Structure formats: structure tokens, C-alpha cells
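Novice: This is the structure I want to talk about, given as C-alpha cells.
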Amino acid sequence: MEETARQLNQVSTNKSYSMITLVLFWCGLVVVSGLYITIPLVNLFSNSFHVSLSQATWVSSAFSLFYAMSFLIFGPLVERIGSKRVMLIGLISLSIVTPIIGLMNSLPFIILTRGIQGMAAAIVPLSMLAYAAEMFPIAKRVTTIGFISSGFLMAGIAGQVMSGVVSQSFGWRYVFYFLGAVYFMTMLIVIFLTPKSQEMRKDTPLLTPYISMGKLLTRGPIILCYLITVMLLLSFVGMYTALGSYLSHSPYHLNNQNILYFRSIGILGMLLSPFAGRLVSRFGSTKVLNGGLFLAVIGLAFIGLGTNLIFMIVMSVIFVSGIAICVPTLISLVGQLGGASRGAAVSLYSFILFIGATLGPVITIHLLSTGSYVLTFEMLAMLLGIGLVVSFFIKPKSE
């Protein structure tokens, strides 16, 4: 009788873990989608507000810049306030500010409110990772973080596709109205389907994590990891910034609908992300990182050199696969190298990752101003190639 009760309790616990994992995956997907929704809208903003493409890209860059800075500012505060409470603060803020963006009639005000949106969005992933660490036993934690990372990565494609579909059907303003409604529903899901997090902890001095971040920047191996980190979303966001214009011109002449299909196929590459943990367990983090970067560099380089659409699609999936492997692997590696300062190391990693996302559109638009798509893709591949070379010099002691 006791054994049956124990088994039933275990089944119930596993279902609870599965539900929490699903909710966290969904949160990661919809919140980080906010970064990518304006990538397909850059040309539209440029034409609607009569500004240059480089000015219009700040609608994306403002979000990622404030998103990145918020990791440094708010990261150490999560444990002091409580992870679920912080998650809800972020979702409530997003539910309010996101629809307001759709009401704006001035590009400077859109850029300003996008920055505020990015700041609100950042505290949700921060609290999600802390919440997972609190709620899951170590044996289940790696898998859960893998699913959360998959949500973050899939947002890179899902956000663009959703934005393209909604803007083509109803107009760009409805992208923000729709996403605001999604954030509100997500807030309700978190309230009712996730258990309360641990109580607030105020035993650690507030400045300790910030001091730890400064000390981390004196460690050679972790600096190399951060150098690679900045290249990941720089190349990812840069590639998709250039892609729409590239495919709409000769020799492809794709319409907006077909470009959306092309973007959505990239989700296939994201499917490798949950398996990164297993690959690291088998081959070691540095070898998996080397392999992921190699795939990404090859895929990106051949996107610029290809002239066949099917070949281009295959190369884009290879590129996305490489990025999907690298992101969770680098999280693991940075945490390992951070040691006792793991939390500070991951916060700094997140900051640098999204500084790359900020630079991606800016650098890409400047490269596109040369008039050469080939040069644009090859320069992005070269920057990522620098990361590949650097990865061979990272030698964790345990490996």
C-alpha cells in the first residue's frame, strides 16, 4: 500500500515537473520573441517614417541594448526579491508597455518604448533560470535548462515569422497588440500553473555579485568565452537582417510570404539545442563548442556564396544548428569556468550575448551599404570564424 502511494506521488511529481518545464519553455519563447519581431519590419519602418535603414534598425537595437544592460543591473536582485515574483513583475510590465508601442506615431518614441520593453523583458529569463535552479533536482535541472534555452533560440525564428504574418495581415501595430495579449495570458499561466518560489534571501551583500563580475574579467579562459559569445547573436541577427532583402532581389525574387517560409525552416536547426547537454557529457564542452562554431561558420559562409535556393535553405539550417548547439554549451562552459561566481558569470554572459544582438543589425546595415550581399555574409562569417579560432584556446581544467 505504501509502495503504491509512493509510486503515485512520484508520478504526480513528474507531471508537476513536466508542467513547469512546459510553462518555462513557453515563457522563454514568447518573451525573447520580442527581440526579433522588428527584424522583418525594418524596411517598413524606414519607408513609413522616411528614415534611413541604419536609423530604422535602432528599433531592434534599442531593445537588445537595454535587454543586455538589464542582465547586469537586475541579475543580482532576483534572489533578494524571489524568482517567481520577479517573473510576474516582468510579464505585467510587458503586458502594459508592448501594446503602447503600437500606439506610437513617431520613430524616436517607438525606439524609446522598445528600450523600456527590452528592460522589462530581460528580468523574465533571469528569474526563469533562477526559478528552475530552485524548483528542480540536479538530475532534472540540465534537461529543463535545455528546454528553456530551446525556447530562447526558437524565439529567433518564431518572433520573425509571427511578426511577418501579423504585419502582412493587419499592419505592424497589431504585432505589438497581439504580443501584449500573449504576455497577459502568459502572466495568468505563470500565476496559476507554477508553484511559489523560495522565500527572499537577503544574506548576501548587494554589491557582491557586481564585484564578482569584475574579477571574472581577469580570467583568461572566461574572457575567451565572452569573445565568442558576442559573435553568436551578432552573426545570427545580422544574417536574418540581411536575408529578407537578399532573397527579394535577383536571382531569387521571393515575395514576403516565401521569405517567411524560408525563415520558418530555420526552426529545424533549433531542434538540436535540447541535445547539447548530452553531446557535452559525451564529448566535452570545448569539442562540442568547436563543432557548433564550425557548422555555423560553414553554413553562414555558403549562404553568401550559394546561388541555388534549396542549397541556401540547407545552409541556413546548418548555420542555425551550429548556433543552437553553441548557446547552451557556452552557458555550461561559462558556469563551469565561473566556479563559485557561477551566477555572476552567467549574468555577464547574457549581457555580452545581447550586446552582440545589438551590434548585429547596425554592422549588417553598414555592410549592406557597400551594395554587396556576398561581402555582407562573408564578413559576418569571418567574425564568427574568429570565435571558432578562439574556441581552440579554451582549456577547462576538468577537460
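Numbering-wise (the UniProt record's numbering), the sequence shown opens with residue 1 and increments by one.
Beta carbons are placed, not taken as given, at the ideal position from N, Cα and C, and that holds for glycine.
Just so it is clear, the structure is predicted and the values come from calculations on it, not from any experiment.
(1) Can you tell me whether Met104 is helix, strand or coil according to DSSP?
(2) Touch check for the stretch 81 to 90 and the stretch 355 to 373: three-plus C-beta pairs under 8 Å?
(3) From this set, Leu293, Phe109, Ile145 and Val30, which residue's C-alpha is nearest Leu233's C-alpha?
(4) Straight-line CA distance for Lys287 to Gly75?
(5) If you drop the 5 nearest sequence neighbours on each side, which residues of the same chain put their C-beta closer than 7 Å to that of Ile111?
(6) Express the C-alpha separation of Leu77 and Leu271 in angstroms, rounding to a whole number.
(7) Could you say which of Gln55, Val42, Thr229 and Ala158 lies nearest to Ile355 if we only look at CA atoms?
(8) When burial is assigned at 16 or more other CB atoms within 10 Å of the CB, is Arg282 buried or exposed?
(9) Could you spell out where the alpha helix (DSSP H) holding Lys287 opens and where it closes?
(10) Find out if the Cβ-Cβ distance for the pair Pro328, Pro221 is shorter than 8 Å.
(11) Report yes or no: do the stretch 183 to 198 and the stretch 316 to 330 share at least 3 C-beta pairs separated by less than 8 Å?
(12) Compare the Cα-Cα distances from Leu188 to each of Gly244, Phe109 and Leu94 and report the closest residue.
(13) Is it true that the CB of Met379 sits closer than 8 Å to the CB of Leu367?
(14) Check the C-beta distance from Gly322 over to Leu295 and give it rounded, since I have them as a contact under 8 Å.
(15) Along the alpha helix (DSSP H) that carries Val317, what are the first and last residues, could you check?
(16) Can you give the Cα-Cα distance for Gly339 and Leu107, rounded to whole angstroms?
(17) Below 8 Å, can you find three or more Cβ-Cβ pairs linking the stretch 112 to 127 to the stretch 39 to 51?
(18) How do the stretch 149 to 163 and the stretch 29 to 46 stand: do at least 3 beta-carbon pairs fall below 8 Å, yes or no?
(19) What are the uninterrupted segments assigned as alpha helix (DSSP H) that are 4 or more residues long and contained completely in the stretch 60 to 130, given in chain order?
(20) Please tell me whether Leu300 and Met239 are closer than 8 Å, where the distance is taken between their beta carbons.
(21) Phe392: buried (16+ other C-beta within 10 angstroms of its C-beta) or exposed?
(22) Do Met213 and Leu353 have their CB atoms nearer than 8 Å?
(23) Just to confirm, is the Cβ distance from Gly90 to Ser54 under 8 Å?
(24) Could you spell out the range, first to last residue, of the alpha helix (DSSP H) harbouring Gly266?
(25) On the three-state DSSP scale, how would you describe Val51?
(26) Note down, one range per segment and in chain order, each beta strand (DSSP E) of at least 3 residues found wholly within the stretch 227 to 251.
Specialist: Here's the rundown:
(1) coil
(2) no
(3) Leu293
(4) 29 Å
(5) Trp58, Val59 and Ala62
(6) 32 Å
(7) Thr229
(8) exposed
(9) Ser285 to Leu305
(10) no
(11) no
(12) Leu94
(13) yes
(14) 3 Å
(15) Leu309 to Gly338
(16) 44 Å
(17) no
(18) yes
(19) 78 to 81 and 83 to 103
(20) yes
(21) exposed
(22) no
(23) no
(24) From DSSP, Gly266 is part of no alpha helix (DSSP H); its letter is neither H nor E.
(25) coil
(26) none
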